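In my numbering, the protein residues as written are 755 to 1014.
Note that the Cβ used here is the ideal one computed from N, Cα and C, for glycine as well.
Quantities reported herein were computed from a predicted structural model and do not represent experimental measurements.
Printed below as a string of structure tokens:
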């Protein structure tokens, strides 16, 4: 799904718009044939079916949009939580003796740099995964150094506060990775398009009841639906399209600047 956002967003909208316009025309053609076969309007019927299909499509769009928006807010929330976790752990390093403190603070700066580079690299997945791997290696080094320091008698009182903060910092990265990989299943998007096509056919069929092709109604339906589908995709991949997480990332950038 990611290929449809970013640089391909305009193409996606145009293809969706054209697709729905085409299916409206298909329904309109069926409607004209039906009208010729049954000239009496009393034989049309199907109003309840049209309303049911339109309502179902609207509900599917609404629920999918709400789910995508919810995941976006969760991503923003986790960025803030990660910044707080890293900041808290970094400050608690001041409780350690000078040698251990400076060693771990240097690792922290490298770790946060790797995290920032990973998300800045998107949509280049290969580079992003490389930086995430680097950050995971730095995590292991930080944890190993902290454990080694905790075994020293002089560091044991401080370790009671430092180790839980480090654990929270590491835990938040797992949660961020999970939410970053959580998207609306592809089958749901296929269902949306399938129901959208059926809705377009039914709408076109209903337009055949009135004289003329009702171009305004066609354009409005196709444009609104195609734009809504694009925005849903954009919300699912907020580092590729128009919807961005840059403002949330600025919290981590400010934290990194404070470490200098």
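Buried/exposed call for residue i, threshold 16 Cβ in 10 Å
i, result
"residue 978", "exposed"
"residue 817", "exposed"
"residue 928", "exposed"
"residue 833", "buried"
"residue 878", "exposed"
"residue 918", "exposed"
Proximal residues to residue i (C-beta, below 8 Å), its chain only, five neighbours per side dropped
i, result
"residue 813", "none"
"residue 897", "920 and 924"
CB contact below 8 Å: residue i versus chain C
i, result
"residue 815", "This model lacks chain C altogether; it includes just one protein chain."
Anticipated Cβ contact below 8 Å, residue i with residue j, distance rounded
i, j, result
"residue 958", "residue 785", "7 Å"
"residue 1009", "residue 869", "The pair is not a contact, with the Cβ atoms about 10 Å apart (cut-off 8 Å)."
Cutoff 7 Å; reference residue i; Cβ partners in own chain excluding five residues on either side
i, result
"residue 881", "875"
"residue 830", "999 and 1002"
"residue 851", "908 and 909"
"residue 950", "774, 811 and 979"
Contact set for residue i: own chain, Cβ-Cβ below 6 Å, skip 5 residues either direction
i, result
"residue 847", "855, 858 and 859"
"residue 888", "868"
"residue 997", "988 and 989"
Which of helix, strand or coil DSSP assigns to residue i
i, result
"residue 991", "coil"
"residue 838", "helix"
"residue 1005", "helix"
"residue 863", "helix"
"residue 935", "coil"
"residue 818", "helix"
Item checked: Stretch pair the stretch 818 to 835 + the stretch 899 to 909: three plus CB contacts closer than 8 Å -> no
Margin query: Taking 8 Å as the cut-off, does the stretch 803 to 810 touch the stretch 963 to 970 (at least 3 CB pairs, one atom from each stretch)?
Written below: no
Next item on the list: Please confirm if the stretch 763 to 782 is in contact with the stretch 973 to 987, defined as three or more CB-CB distances below 8 Å between the two stretches.
Entry: yes
Check: Okay, do the stretch 907 to 916 and the stretch 938 to 946 touch, 3+ Cβ pairs below 8 Å being the bar?
Finding: no
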